[in-house]
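I have placed the structure first, in the form of structure tokens, so that the comments after it can refer back to it.
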Amino acid sequence: ALMTLGLLFFALALILSHIMSKRAMIPIMQSYTRQREFVADASHELRTPLSVMLSSIDTLQLEDGMAQNPFAARVLANMRNEVKRMTKLAGDLLTLARSDSGEVLLANEPLDLRANAEHILQSLQALADAKQIQLTLQAPPSLMMYGDADRLEQLLVILIDNAIKYTPDGGDVRVMISVERAKSMHILQFIVEDNGIGIRAEDHKQIFTRFYREDKSRSKELGGHGLGLAIAKWIVDAHRGTIHVESKVNQGSRFVVRIPMREGSWS
Ligand code: ADP
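Note that UniProt numbering has the sequence shown beginning at 202, numbered continuously upward.
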């Protein structure tokens with residue numbers, strides 16, 4: 202009887218500890234969800250006042266007296282830069298908060314990736330020109346597939362924009378897109394390569410984590426806040442792909458993305 206009682210107590214203790222651990226888990230999960238929703242709502246709410254501020258600054262910059270007042274013009278230009286940075290930060294936080302909820306579904310629409318890539322390069326050409334950077338694209342003449350055009354564009358923009366930012370004037374940025382046709386899977390490969398400042402070996406993994414920057418003041422000066430590569434990683438993960446960097450300090454960086462595509466998704 203004593204043994205049965207002991208066993209009963211043991212079973213009761215097990216059940217109780219199980220319930221307790223569940224009870225502890227629920228508030229943690231709830232507070233995590235609440236925190237994520239808070240970040241998403243806050244960043245969403247910030248966008249309207251920021252865009253009002255930006256257009257107000259634009260209006261002031263066009264005011265007649267502005268050209269005669271270099272101090273005011275400089276202050277306004279600084280304000281404009283900071284407001285643009287905050288707008289980007291709010292947008293990036295919103296993207297990541299939404300990605301955390303797992304509710305974001307990838308679109309599956311027909312797209313010609315070559316045309317998309319050309320369009321992206323065109324939109325970034327002015328940035329490259331400002332630093333006399335040679336921006337080139339190497340890709341098959343046509344890359345028809347089904348995929349999420351917006352996400353793939355966002356991924357390429359992040360990588361190319363970084364390559365331009367972290368490459369000194371007169372450098373080279375190359376974008377290479379190719380497809381490996383395997384048995385049951387096609388692998389789409391993007392490479393974005395620069396001959397810029399490079400990344401220390403010990404930072405190769407960390408740069409994909411949120412808010413991680415090798416040099417905070419340099420990144421801030423260049424308009425960054427350390428979320429670009431975290432978003433790139435999320436887009437690649439959502440596609441069940443891989444992303445890694447090969448880089449040497451002062452020689453350049455090469456970001457390699459590989460995304461599997463289901464057979465039959467090519468027209
Ligand atoms: P940021 O807004 O700082 O550019 P990212 O998440 O896009 O944020 O990048 C994180 C960090 O990775 C950067 O601050 C920089 O230190 C490093 N990095 C990213 N791309 C490159 C590159 N092409 N060359 C050198 N360093 C890079």
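Beta carbons are placed, not taken as given, at the ideal position from N, Cα and C, and that holds for glycine.
*asked:* Please tell me whether D351 and L325 are closer than 8 Å, where the distance is taken between their beta carbons.
replied: Reading the sequence shown from its first residue, position 150 is the one you call residue 351. Reading the sequence shown from its first residue, position 124 is the one you call residue 325. No, they are not a contact pair.
_Identity of the residues DSSP links to S453 by a beta bridge_ = Walking along the sequence shown from the start, residue 453 turns up at place 252. According to the sequence as given, residue 453 is Gly; it is not Ser. Its beta-bridge partners are K449.
*For the segment 329–367, list the alpha helix (DSSP H) runs that are entirely contained and at least 4 residues long, ordered along the chain.*
350–366
_Delimiting residues of the alpha helix (DSSP H) encompassing V276_ = Residue numbering aside, residue 276 sits at position 75 when the sequence shown is read from its first letter. First-last of the alpha helix (DSSP H) with V276: 271–301.
_I398, DSSP secondary structure in three states_ = Translated into positions along the sequence shown, residue 398 becomes position 197. I398 falls in the coil class under three-state DSSP.
*Does at least one heavy atom of the ligand ADP sit under 7 Å from the Cβ of L336?*
In the sequence shown, residue 336 corresponds to position 135, counting from 1. Flag unset: Cβ of L336 not near the ligand ADP.
*asked:* Helix, strand or coil for T410? Go by DSSP, reduced to three states.
replied: By 1-based counting over the sequence shown, the position of residue 410 is 209. Coil.
*asked:* For R455 and I392, I'd like the C-alpha separation in whole angstroms.
replied: On the sequence shown, residue 455 is found 254 positions in, with the first residue counted as 1. On the sequence shown, residue 392 is found 191 positions in, with the first residue counted as 1. So the two alpha carbons sit approximately 7 Å from each other.
*For S385, is the classification buried or exposed, using 16 other Cβ atoms within 10 angstroms of its Cβ as the cut-off for buried?*
Here residue 385 corresponds to residue number 184 of the sequence shown, with the count starting at 1. So S385 counts as exposed.
*Go ahead and pull the three-state DSSP assignment for E319.*
Sequence index remark: in the sequence shown, residue 319 carries index 118 (1-based). In the structure shown, E319 sits in a helix (DSSP, three-state: H, G or I).
*Anyone know if the C-beta pair for A340 and I378 falls short of 8 Å?*
On the sequence shown, residue 340 is found 139 positions in, with the first residue counted as 1. On the sequence shown, residue 378 is found 177 positions in, with the first residue counted as 1. Cβ atoms of A340 and I378: closer than 8 Å.
*Within its chain, find whatever has a CB closer than 7 Å to the CB of D313; leave out the 5 residues flanking it on each side and keep chain order.*
Taking the first residue of the sequence shown as position 1, residue 313 is located at position 112. Excluding residues within five positions, the ones whose Cβ falls inside 7 Å are S343, L344, M345.
*Does the segment 203–219 touch the segment 236–255, meaning 3 or more C-beta pairs lie closer than 8 Å?*
no
*First and last residue of the uninterrupted alpha helix (DSSP H) at R419*: Walking along the sequence shown from the start, residue 419 turns up at place 218. Counting along the chain, the alpha helix (DSSP H) containing R419 begins and ends at 417–422.
*Enumerate in chain order the residues of its own chain whose CB-to-CB distance from V284 is below 7 Å, with the five nearest sequence positions on each side excluded.*
Reading the sequence shown from its first residue, position 83 is the one you call residue 284. Once the five neighbours on either side are set aside, the close Cβ partners of V284 are L251, M254, L255, I258.
*asked:* Could you check if Y367 belongs to the surroundings of the ligand ADP, using beta carbon to heavy atom distance under 7 Å?
replied: Taking the first residue of the sequence shown as position 1, residue 367 is located at position 166. Y367: yes, Cβ under 7 Å from the ligand ADP.
*Tell me whether S468 is buried or exposed, calling it buried when 16 or more other Cβ atoms sit within 10 Å of its Cβ.*
Position 267 of the sequence shown holds residue 468. Because S468 carries a pLDDT of 42, less than 50, the predicted location of this residue cannot be relied on, and no value is offered for it.
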